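S.K.: Residue numbers (my numbering): 549 to 668.
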DNA sequence: ATTCTGACTTGGG
DNA sequence: CCCCAAGCCAGAA
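1. Could you tell me the alpha carbon to alpha carbon distance between residue 638 and residue 623, rounded to whole angstroms?
2. Decide if residue 591 is buried, meaning its Cβ has at least 16 other Cβ atoms within 10 Å, or exposed.
3. Using CA atoms only, rank isn't needed, just tell me which of 605, 658 and 650 is closest to residue 582.
4. Our contact map puts residue 612 next to residue 575 with C-beta atoms below 8 Å; I'd like the distance itself, whole angstroms only.
5. Which residue from 657, 594 and 645 puts its Cα closest to that of residue 668?
6. Give the straight-line distance between the Cα atoms of residue 641 and residue 666, rounded to the nearest whole angstrom.
7. List the DSSP bridge partners of residue 618.
8. On the DSSP bridge list, what partners appear for residue 628?
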């Protein structure tokens, strides 16, 4: 079984991305957010052990393209507002999903983090 | 290999 | 309340 090896391409210092590394870690934390509650990007990053990577959380969620196992709609920005435009399809869907879980939005389109924030 | 782009946060003025 | 700059990572072209 001379396999014509490539000199161990994967044996190099290639960091095997497991479910507990990278974005998998983020998805895991987002999945813990209880229904009817919201968390901020920064909060997710911190809980995932990725301080200062709030931005990365947003990118991670944007990359998942619609995985039902991840309640991405429960993640909003620190201002208590949905980061997707209220005029975008996804934005409206996010708001709709949250409202269906009991989350209330004020006239400003903002959510009270003090009231609906997860673990505050 | 390099460059660009994104669902953000925080601190200061 | 608004605006600006820096810190951060992964994937596509």
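Using N, Cα and C, we set each Cβ at its ideal position, and we do this for glycine too.
It should be emphasised that the depicted structure is a prediction, and the values quoted were computed from it without experimental measurement.
M.R.: Per the coordinate set shown:
1. 13 Å
2. buried
3. 650
4. 7 Å
5. 594
6. 20 Å
7. According to DSSP, residue 618 bridges with nothing at all.
8. DSSP output for residue 628 lists no bridge partner at all.
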